[in-house]
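Numbering (our numbering), first residue to last: 79 to 307.
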């Protein structure tokens with residue numbers, strides 16, 4: 079049984095797309111588990127890099143833990159610098175909706191204290207092992223993950239030919255879909271796509287084909303006003 083007059087400790091961990099948590103309280107010299115959490119994360123979060131998955135897992139376990147803590151102070155132990163992820167206003171790693179949701183759960187409530195720890199297993203957590211510094215930079219790890227294609231830029235390249243891509247899906251005398259890759263002077267390639275192709279998929283297909291055709295060339299591509307160098 080939990081005692082809401084005493085502070086809580088929450089161990090949060092993510093493994094294979096599952097948010098895992100142990101809510102505990104100190105009883106004399108020992109740390110006793112109050113309850114365990116295990117909850118599937120949503121499909122979008124499962125596809126993120128490890129640090130972002132951990133951020134999502136922390137949010138999930140805190141929400142579950144609050145059903146027991148009833149506003150009492152909770153120290154959350156996690157092996158990733160999740161607070162730093164939410165302090166980067168200019169980051170494009172999370173949608174605005176996710177960003178605001180996670181901030182509301184992890185940052186804006188005064189019942190939560192996030193502690194970054196080297197503890198990565200429940201046994202160490204429950205034994206009350208000392209928390210030691212963690213040499214891990216989530217921001218750098220995420221940047222490396224999302225910057226794996228350093229040859230791709232979001233601004234036009236100098237002295238590069240500009241290719242324009244487009245894809246469409248429409249219904250006129252039946253359903254049709256197609257793509258085109260052009261320059262300002264000529265059509266490089268165009269063709270039909272399967273009738274069940276959505277407009278969004280047609281656009282992605284056109285851009286993908288353009289990149290394949292441009293292998294070994296220096297080009298900038300433009301699709302619906304967006305530049306990719």
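By construction, the Cβ of each residue, glycine as well, lies at the ideal position given by its N, Cα and C atoms.
Span separating the alpha-carbon of residue i from that of residue j
i           : j           : result
residue 254 : residue 173 : 32 Å
residue 292 : residue 177 : 36 Å
residue 117 : residue 162 : 24 Å
residue 303 : residue 240 : With a pLDDT of 48 at residue 303, under the threshold of 50, the modelled position of that residue is not reliable, and no figure is offered here.
residue 296 : residue 158 : 39 Å
residue 186 : residue 180 : 9 Å
residue 84  : residue 102 : 10 Å
residue 126 : residue 114 : 24 Å
residue 301 : residue 294 : 20 Å
residue 249 : residue 223 : 39 Å
residue 149 : residue 184 : 13 Å
Span of the beta strand (DSSP E) around residue i
i           : result
residue 111 : 108 to 118
Extent of the continuous alpha helix (DSSP H) run through residue i
i           : result
residue 263 : Here residue 263 belongs to no alpha helix (DSSP H), and DSSP marks it neither H nor E.
residue 287 : 277 to 291
residue 138 : 128 to 147
residue 124 : 121 to 124
Assigned secondary structure, residue i (DSSP; H/G/I helix, E/B strand, else coil)
i           : result
residue 270 : strand
residue 103 : strand
residue 178 : helix
residue 160 : helix
residue 195 : coil
residue 222 : helix
residue 172 : coil
Beta-bridge partners of residue i, as assigned by DSSP
i           : result
residue 255 : 247
residue 90  : 99
residue 312 : Absent from the model: residue 312. The displayed extent of the chain is 79 to 307, so no value can be given.
residue 233 : Paired residue(s): none; residue 233 is not in a bridge.
residue 82  : Note: residue 82 sits in no beta bridge, so no partner.
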